[in-house]
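Q: Residue numbers (this note's numbering): -17 to 113.
Glycine included, each C-beta is placed from N, C-alpha and C at the ideal position.
The model shown is predicted, which means the values in this text are computed figures rather than measured ones.
Sharing a structure below in structure tokens format, with a few things to ask.
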């Protein structure tokens, strides 16, 4: 005994075809979202790397410039060795601060695309509920 489907109701083949199309579209959209998230994270990683680099450059130029200038100024009031030691410590403190800022920025980054993972989970739940 066969039952005919009412007019306007899609056939099983049509439904399977739609499911296939919608699944493919969903996967493409999720991949686009993941790509966008990775691009954003790469930009943030570049900023963190830039801060690390800035810390290194500041330390390098700072040692030469500040040693030459500040040692001469402090040597007017202190022995030359004490002036050199004070200036060297100050330069490395500044370099450490810049490196810590870069490290802090980098630690906030996560490699996984959180929004994409969450939407995939939500989509999977939705599909399970409808099947």
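Is it true that the stretch 52 to 59 meets the stretch 10 to 27, where meeting means three or more beta-carbon pairs spaced less than 8 Å apart?
A: no
Q: Would you mind reading off the limits of the alpha helix (DSSP H) that contains residue -9?
A: For this step, residue -9 is matched to residue 9 along the chain shown. From DSSP, residue -9 is part of no alpha helix (DSSP H); its letter is neither H nor E.
Q: Just the C-alpha distance for residue 75 and residue 3, rounded to the nearest angstrom, thanks.
A: Taking the first residue of the chain shown as 1, we reach residue 75 at position 93. Taking the first residue of the chain shown as 1, we reach residue 3 at position 21. Cα to Cα, the separation comes out at about 59 Å.
Q: Is any beta-carbon of chain B found at less than 9 Å from that of residue 22?
A: Here there is only one protein chain, and chain B is not present.
Q: State the Cα-Cα distance for the pair residue 95 and residue 31, rounded to the nearest angstrom.
A: In the chain shown, residue 95 corresponds to position 113, counting from 1. In the chain shown, residue 31 corresponds to position 49, counting from 1. Approximately 20 Å, taken between the alpha carbons.
Q: Can you tell me where the alpha helix (DSSP H) with residue 82 in it begins and where it stops?
A: Counting from 1 along the chain shown, the entry for residue 82 is found at position 100. Here the alpha helix (DSSP H) through residue 82 covers 62 to 89.
Q: Identify the continuous alpha helix (DSSP H) that holds residue 101 and give its terminal residues.
A: Locating residue 101 in the chain shown gives position 119, counting from the first residue. That run of the alpha helix (DSSP H) goes 96 to 112.
Q: For residue 37 and residue 72, what's the separation of their Cα atoms in angstroms?
A: To locate residue 37, count along the chain shown from 1; it is residue 55. To locate residue 72, count along the chain shown from 1; it is residue 90. Their Cα atoms are separated by approximately 14 Å.
Q: Pair every Cβ in the stretch 86 to 105 with every Cβ in the stretch -11 to 0, then say whether three or more of these pairs are closer than 8 Å.
A: no
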